[in-house]
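This report concerns only the one structure given below.
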Amino acid sequence: MVTGLTGLAGQPGLAGQPGLAAPSVGVLALQGDVAEHMRALRACGATPTAVRRPEELDRVDGLIIPGGESTTIWKLIDIFGLAEPLRKRIADGMPVFGSCAGLIMLAARLPDPAAGQQTLGGIDMTVRRNAFGRQVDSFERDLDVKGIDGPPYRAVFIRAPWVDEVGPAVEILATDPGTSRIVAVRQGRALATSFHPELTPDWRIHKMFVDMVRDPA
Ligand code: GLN
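With the numbering used here, the residue at position 196 of the sequence shown is 196, and numbering never jumps.
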């Protein structure tokens, strides 16, 4: 039975999965571009919900950690008592997607943290913050992303990190053709991008994540 799919007006749910209920996907709503991720999730047939407290985390089927500023996001995670609950749910296999600062939060290794900054882990990768340069160096790039169909994906990078190296369990989904750096990865149910798929109206990356939540193989 089709229940609660919320595709864009006049279109079928972009998730293209009629018959499956809308999964509840949290967006870590401490800092960063939360509203944009929620809009993208709705467009993909998921029900977005803001997560600020451990009880809210308990209720979601998957979680997005948005772009923003990873040092601030970490401080707020710590203040809100979310570090251990988040680490536990990620380790237990909750589907999680981190974009930009969210990718930094999912790194197992961060060689250049700010004072006191920690990550949650979840992906066996070494990440370099602000690797592409400062805000002024923000740019767009056409990427071939493994696992999405159709034309190249036009990715928006803003003070973006890149992935320096990955362990054997990590699948590389995209590299930036300009620098040959890794910019999208997946390990099990954890997905991360250096760029911001929530800032463009191309929902294919969110659709991939919502499909992971619907069918957490
Ligand atoms: N440079 C930021 C950080 O270290 C990430 C930038 C972004 O999320 N747009 O958190």
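The beta-carbon is built from N, C-alpha and C at its ideal position, and this holds for glycine as well.
Distance cut-off 7 Å: residue i Cβ against heavy atoms of ligand 1
i	result
I104	yes
Cβ-Cβ distance between residue i and residue j below 8 Å
i	j	result
G178	R141	yes
M44	V210	The residue asked about is misnamed: residue 44 is Cys in this sequence, not Met. Contact: yes.
L173	V145	yes
G62	G32	no
I158	R204	no
F219	L191	The structure shown does not extend to residue 219, since the chain is modelled only from 1 to 217, so the question has no answer here.
S99	P197	yes
H262	A40	Here the chain covers residues 1 to 217 and nothing more, so residue 262 does not appear.
P161	I104	yes
Contacts around residue i, its chain only, beta-carbon distance under 8 Å, and the 5 residues preceding and following it disregarded
i	result
M38	V27, P48, A50
G10	Only weak support exists for where G10 lies, its pLDDT of 32 falling under 50; the value from the coordinates is given anyway. Here the set comprises nothing.
Beta-carbon proximity list for residue i, same chain, < 6 Å, skipping 5 on both sides
i	result
R109	T126
G167	D124
D164	T126, R128
A107	T119, M125, V127
R59	none
G93	R189
T72	Q31
A46	A22, P23, V25, V210
Cut-off 7 Å between Cβ atoms - residues of its own chain near residue i, not counting five sequence neighbours on either side
i	result
R89	L57
E36	E198, L199
P54	G81, L82, P85
D112	R128, R129
R52	A29, L30, F80
T175	R181, I182, V183
V185	I123, M125, V163, V166, V170, E171, I172, L173, A192
Does the count of Cβ pairs from the region 23–35 and the region 73–84 closer than 8 Å reach three?
-> yes
Should the region 113–127 be regarded as contacting the region 204–216, the criterion being three or more beta carbon pairs within less than 8 Å?
-> no
Got a list of residues with beta-carbon closer than 6 Å to any non-hydrogen atom of ligand 1, in chain order?
-> G67, G68, E69, S70, C100, A101, I104, R129, N130, I158, R159
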